[in-house]
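Residue numbers for the sequence shown follow the working numbering, so the first one is 18 and each next one is one higher.
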Amino acid sequence: MTQHFEVKPMTPTIGAEIIGLDLTQPMSDGAFEKLHTAFLDRKVLFFRDQDLTLDQHKDFGRRFGDLHVHPASSPFKQDGVEHPEILFLHADENTTRTAGDTWHSDVSCDPEPPMASILRLVKIPPSGGDTLFASMSAAYDALSEPMKRYLGDLTATHDGTENYSDRAKRRDGVITNRVYPRNTHPIVRTHPETGEKALYVNTAFTSHINDVPKPESDAILAYLYQHISNVAFQCRFQWTQNSIAMWDNRSTLHHAMWDYFPNIRSGFRVTVQGDKPV
Ligand code: SIN
Numbered sequence: 018m019t020q021h022f023e024v025k026p027m028t029p030t031i032g033a034e035i036i037g038l039d040l041t042q043p044m045s046d047g048a049f050e051k052l053h054t055a056f057l058d059r060k061v062l063f064f065r066d067q068d069l070t071l072d073q074h075k076d077f078g079r080r081f082g083d084l085h086v087h088p089a090s091s092p093f094k095q096d097g098v099e100h101p102e103i104l105f106l107h108a109d110e111n112t113t114r115t116a117g118d119t120w121h122s123d124v125s126c127d128p129e130p131p132m133a134s135i136l137r138l139v140k141i142p143p144s145g146g147d148t149l150f151a152s153m154s155a156a157y158d159a160l161s162e163p164m165k166r167y168l169g170d171l172t173a174t175h176d177g178t179e180n181y182s183d184r185a186k187r188r189d190g191v192i193t194n195r196v197y198p199r200n201t202h203p204i205v206r207t208h209p210e211t212g213e214k215a216l217y218v219n220t221a222f223t224s225h226i227n228d229v230p231k232p233e234s235d236a237i238l239a240y241l242y243q244h245i246s247n248v249a250f251q252c253r254f255q256w257t258q259n260s261i262a263m264w265d266n267r268s269t270l271h272h273a274m275w276d277y278f279p280n281i282r283s284g285f286r287v288t289v290q291g292d293k294p295v
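This is how it looks when you write it as structure tokens:
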């Protein structure tokens with residue numbers, strides 16, 4: 018059983034590399050407890066050289082909770098076996114748009130958006146394809162007190178329609194009338210495990226702030242997007258083959274850089290079910 022590993026912080030604010038943990042091996046409850054604490058504290062964890070099978074990847078995700086099935090993709094199939102809980106990410110010379118090339122929290126349009134995502138990349142471009150992560154609790158803490166009070170009463174609509182229908186159109190070449198999730202969430206959410214407050218809006222899914230005039234919603238969202246892009250809240254991960262990033266969707270945003278066209282980048286994501294943001 019794997020018991021000992023090191024948690025090496027990447028910046029004072031966010032991110033840590035986990036050194037000495039082999040995720041193909043069973044993990045003791047003590048090791049899991051330490052990893053879970055590091056996940057809550059650092060918000061994004063990085064692991065290198067993890068040559069997991071899809072089942073091992075799913076089993077690792079299940080230590081954290083039930084697995085999420087993506088509302089906009091079809092089940093991934095390998096050797097005739099369907100893996101609905103696996104999201105296959107792939108970009109190559111035919112790609113016209115990649116998943117996640119803008120700041121977002123995964124599937125925030127869901128009624129109960131995922132708490133964590135665990136991505137393993139198996140093909141890496143010669144350079145580029147980094148993923149950036151930003152702490153939304155650091156972003157919240159850096160707001161002025163009047164702004165915190167103003168945002169504290171507001172909710173926003175998160176709508177998957179534009180994002181997912183565009184992706185489906187590019188992938189399948191047809192426009193479908195499929196209905197994607199659309200839900201209302203507080204702009205400031207309280208983390209169910211740490212109690213920390215975090216900003217919860219993003220460019221991929223947040224369509225507008227509810228109950229205020231559109232010009233006000235547009236202006237406030239523009240301000241928040243500029244605020245959350247401050248490099249002081251961020252860390253950046255350079256992938257190597259079989260590395261894993263695991264992030265907390267409740268307290269972070271991420272941005273997958275698509276600067277490697279026409280090269281190939283691909284991998285598998287397991288996503289852990291979350292609860293209703295409050
Ligand atoms: C995503 O899950 O949003 C994509 C992240 C990545 O490809 O780095």
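Ideal placement from N, C-alpha and C gives every residue a C-beta, glycine not left out.
If the five residues before and after Gly78 are omitted, its C-beta is found closer than 7 Å to the C-beta atoms of Leu84, Ile135, Val287 and Val289, all from its own chain and listed in chain order.
His107 is bridged by DSSP to Ser283. The criterion of a C-beta distance shorter than 8 Å is not satisfied by Gly291 and Phe222.
For Asn219, the three-state secondary structure derived from DSSP is coil.
A direct Cα-to-Cα measurement between Arg80 and Ser125 gives close to 22 Å. In terms of side-chain proximity, the C-beta atom of Gly117 is found nearer than 7 Å to a non-hydrogen atom of the ligand SIN. When the alpha-carbon of Arg137 is set against those of Thr112, His107, Lys165 and Met153, the nearest one is in His107. Considered as a whole, the segment 122 to 150 harbours 133 to 140 as its complete beta strand (DSSP E) runs of no fewer than 3 residues, in chain order.
Annotation note: the segment 213 to 261 contains the following uninterrupted beta strand (DSSP E) runs of length 3 or greater, listed N- to C-terminal: 214 to 216, 223 to 226 and 251 to 254. For Pro88 against Asp127, the beta-carbon gap comes to about 7 Å, under 8 Å, which counts as contact. Pairing Phe250 with Met274, the inter-Cα distance amounts to about 17 Å. Its Cα nearest to that of Ile35, the residue Phe56 stands out among Asp46, Thr113 and Phe56. By the criterion of a C-beta distance shorter than 7 Å, Asn200 is surrounded in its chain by Cys126, Asp127, Pro128 and His175, once the five residues flanking it on both sides are discounted. Inter-segment contact for the segment 154 to 162 and the segment 255 to 265 is absent: fewer than three beta-carbon pairs are separated by less than 8 Å.
In terms of Cα proximity to Thr148, the closest of Leu270, Asp235 and Leu171 is Leu270. Per the DSSP secondary-structure output, Asn200 pairs in a beta bridge with His175. In the three-state reduction of the DSSP assignment, Leu71 falls in the helix class, which pools H, G and I.
In this structure Arg253 does not touch Gly146 by the C-beta definition: roughly 11 Å separates them, more than the 8 Å allowed. Distance from the C-beta of Asp123 to the nearest heavy atom of the ligand SIN is below 7 Å. Checking the DSSP bridge columns, you'll see His272 partnered with Leu149. At least one heavy atom of the ligand SIN sits closer than 7 Å to the Cβ of His271. In terms of Cβ geometry, Val205 and Leu216 form a close pair [threshold 8 Å]. Between the segment 59 to 71 and the segment 261 to 268, the count of C-beta pairs closer than 8 Å reaches three or more; the two stretches touch.
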